[in-house]
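Down below is the structure, laid out as structure tokens.
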Amino acid sequence: VDSVEGPMPQTRFVLKKALEFGHAVVVVVNKIDRPSARPDFVVNSTFELFIELNATDEQ
């Protein structure tokens, strides 16, 4: 997930598919060295996406 843009529609699509198949998910926040990086916002937004998609604690 881009540290400036945050989760995009394709992030949601791929995450939804991975969760449907019961896969473990690895999230990488990239481009963290940019001056406009918002890592805390991106991590929180991504976590909220997991919640919206009803991910289990194990996922």
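Quick note: the sequence shown uses UniProt numbering, first residue 1, plus one each step.
All C-beta atoms in this analysis are idealised placements derived from N, C-alpha and C, irrespective of residue type, glycine included.
Query, Result
"Rounded C-alpha distance that separates Pro35 from Gln10", "24 Å"
"Where Val1 falls, given that 16 or more other Cβ within 10 Å makes a residue buried", "buried"
"Glu5 versus Val42: straight-line alpha-carbon distance, rounded", "8 Å"
"Of the listed residues Leu19, Arg38 and Ile32, nearest to Ile51 (C-alpha basis)", "Leu19"
"Beta-carbon proximity check, Ser3 vs Val29, cutoff 8 Å", "yes"
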